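Here is the structure we will look at, set down as structure tokens.
What follows is the structure in structure tokens.
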């Protein structure tokens, strides 16, 4: 007898078996409580490049709490809370330096703020489908954001393919501090509308590809009110294309993930992100692995290396380093330890940015480009 | 499950006790839900409604039926869960081979393609049709129990449901669990295999057979002819899921000799096949008789084959 499909009956059977419920618990069957705390610390600004203000840049301490649980057979909910405490100085503006580069005007170290956020998602599950609705609120003394979102997932082809769609809307309100003193905007509003679609495809029992497209439209007060001269178009459309590949190299003991993202927007910023991470060890015990990420972006059309007071204030300009041409390399290590129902995780990441890392060249490197480190510690309990 | 079942768990005694009880309950659920011997099982309900109305089924039953459909397609129709009706002809203690006239009406009831799976449920297209999910459920149950054990964070365990086995992790010493493969001709083990994080299933014609007119016939029946398959004596397969191992072993047997062996050789899986002369065959390079540690799956194989 001829074997009609010498390709791989084994792979076909394995893929078919993955659609059996024991191997595909898409619906949460247990409650999970997780807490996470992290410290983000930016490197100090260089004294030689700062004409005014404090050198000590941002430090953010974050605490997160999340609870997810099934409700009956067909529903699940998740509740998230996070708190951030921010301190340190941030760039207010940039002035031309004598050597043709720019120098920074920093804020004083007086910035000391905290942000609290909550979000709730309620999801209805059907066979091979789910629909979730979420609401969120985030507030700090000068910024309030309210958001709503919906996400839908549908499995196809015996759960080998998953389509995910999500839409969200956020309405933010800005009330900058010391507005009158510094002649800042007293009150502003902005709106964000997002749509994201992705397809997840199981390529084999050990590999998976995810392709996504997203579009975000921001309108309203998009300029940074704390900068001395920051005038941005009040309409920004951002698009992203993502491709994520994940492969279990050694079943249960080693997995490799490669992620690529292309971003482009109506400010003419274009950015590539390529990230790789590796996990080694036993899923039921200790797992650890390195991660490496490369980022490169080209500057916005209205980016200026230093603030231009000679331009009318109807003309767009910004010397925000986040809109300049630069690149970054980050690397880190993560580790997880699972014992019974508890999982403890740790992560360290170091991020170095510079114009030299960028794919496109630029004459002047922005003095405000940051390097930072993030250390985080988390624990999750399943019951 | 109609055969001896065994559960070995290693770890915190209280946790193991709790997980073992949970597994027993789950195994009992599989038994009551899918047994063709009880009248209230879903299998019995589907069979009782053959040719009539659609029987609503849950997601698990649907997935099992869909999986059986994949097996049917991959085996060119040899693996057919509707072929159990042949038992009406091949009764225990039968003294003569059945003739074509006796087989014809029974063969007419065998057709996986008449199992109508829809959103509403499942319907068997002809009165008198029957399905038997035993060939999938027992292996799948081993996987499902193993999954429960893993989710409960028990790291070392063996689930053995009548020879369909799943090994969770290694043994407590960090070495592969040692599992014996039964000799088709005797009571001992023909080989010892070491398995970690994988399933093992054995299919063979040696445990159940018909002695007719002085000749021994396998209980494995070809759904197209209704006659016993002249096949390998036994096939054992190691795969990432017991259910996959079981399907491959059964399909290889149903393909007969030598097609079954050729088919196994085209698959990238670990097997031990024994033919009617007692000769054994395994995957070259990573077989069960080579004392090797196989590819990337961290499944280990070592043999103490007695030839």
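Residue numbers (my numbering), protein chains in the order written: chain A, 1 to 383; chain B, 384 to 690. Even glycine gets a Cβ: it sits at the ideal position worked out from N, Cα and C. Please read all numbers here as calculations on a predicted model, not as lab measurements.
In the DSSP assignment, residue 306 of chain A falls outside any beta strand (DSSP E), carrying neither H nor E. DSSP links residue 42 of chain A through a beta bridge to A:372. Here the C-alpha atom of residue 255 of chain A lies approximately 32 angstroms from the C-alpha atom of residue 149 of chain A. Per DSSP, residue 15 of chain A has no beta-bridge partner at all. In terms of beta-carbon proximity, residue 666 of chain B stays away from the interface with chain A, with every pair separated by 8 angstroms or more. Under the 10 Å beta carbon count, residue 473 of chain B is surrounded by 16 or more other beta carbons and is classified as buried. Rounded to the nearest angstrom, the gap between the Cα atoms of residue 371 of chain A and residue 31 of chain A is 38 angstroms. Taking a Cβ-Cβ threshold of 8 angstroms, the residues of chain A close to residue 536 of chain B are 284, 338, 339, 340 and 341, in chain order. Put simply, the CB of residue 9 of chain A is near chain B, with a gap under 8 angstroms to one of its CB atoms.
In the three-state reduction of the DSSP assignment, residue 36 of chain A falls in the strand class, which pools E and B. Look at residue 165 of chain A: its C-beta is not under 8 angstroms from any C-beta on chain B.
Contacts with chain B at 8 angstroms (Cβ-Cβ) do not include residue 68 of chain A. With fewer than 16 other CB atoms across the displayed protein chains lying within 10 angstroms of its CB, residue 422 of chain B is exposed.
Any Cβ of chain A closer than 8 angstroms to the Cβ of residue 449 of chain B would place that residue at the interface, and such an atom is present. With 16 or more other CB atoms across the displayed protein chains lying within 10 angstroms of its CB, residue 565 of chain B is buried.
Annotation: residue 182 of chain A is outside any beta strand (DSSP E) and is labelled neither H nor E by DSSP.
Collapsing the DSSP output to three states places residue 462 of chain B in coil. Judged by beta-carbon spacing, residue 652 of chain B lies beyond the 8 angstroms limit of residue 532 of chain B, meaning their Cβ atoms are not closer than that value. Taking the beta carbon of residue 12 of chain A as reference, the chain B residues within 9 angstroms of it are 453, 456 and 457, listed in sequence order. Listed as beta-bridge partners of residue 665 of chain B by DSSP are B:655. Pairing residue 9 of chain A with residue 243 of chain A, the inter-Cα distance amounts to about 28 angstroms.
Taking a Cβ-Cβ threshold of 8 angstroms, the residues of chain A close to residue 651 of chain B are 8 and 10, in chain order.
Within the same chain, Cβ atoms closer than 6 angstroms to the Cβ of residue 270 of chain A are found at 264 and 298, the five residues on either side in sequence being excluded. In this structure, the beta-carbon distance from residue 514 of chain B to residue 426 of chain B falls below 8 angstroms.
With respect to the C-alpha of residue 200 of chain A, the residue from A:171, A:229 and A:246 having the closest C-alpha is A:246.
A residue is called buried when at least 16 other Cβ atoms come within 10 angstroms of its Cβ; residue 224 of chain A meets this threshold and is buried. DSSP places residue 334 of chain A in no alpha helix (DSSP H) but in the uninterrupted beta strand (DSSP E) bounded by 326-339. For residue 359 of chain A, the three-state secondary structure derived from DSSP is coil. From the beta-carbon of residue 631 of chain B, the residues of chain A found nearer than 9 angstroms are 9, 10 and 13. As a beta-bridge residue in DSSP terms, residue 153 of chain A pairs with A:130 and A:164. The region 389-400 of chain B and the region 127-137 of chain A do not touch, with fewer than three beta-carbon pairs separated by less than 8 angstroms. No residue range can be given for residue 58 of chain A, since it is assigned to no alpha helix (DSSP H) and is classified by DSSP as neither H nor E. In this structure, residue 658 of chain B and residue 616 of chain B form a Cβ contact; the two beta carbons are roughly 6 angstroms apart against a cut-off of 8 angstroms.
Residue burial annotation: residue 605 of chain B is buried, with at least 16 other C-beta atoms found within 10 angstroms of its C-beta. For residue 398 of chain B, the neighbours in chain A by C-beta distance under 8 angstroms run, in chain order, 340. For residue 521 of chain B, same chain residues with a beta-carbon under 7 angstroms away, outside a window of 5 residues either side, are 384, 544, 545 and 547 in chain order.
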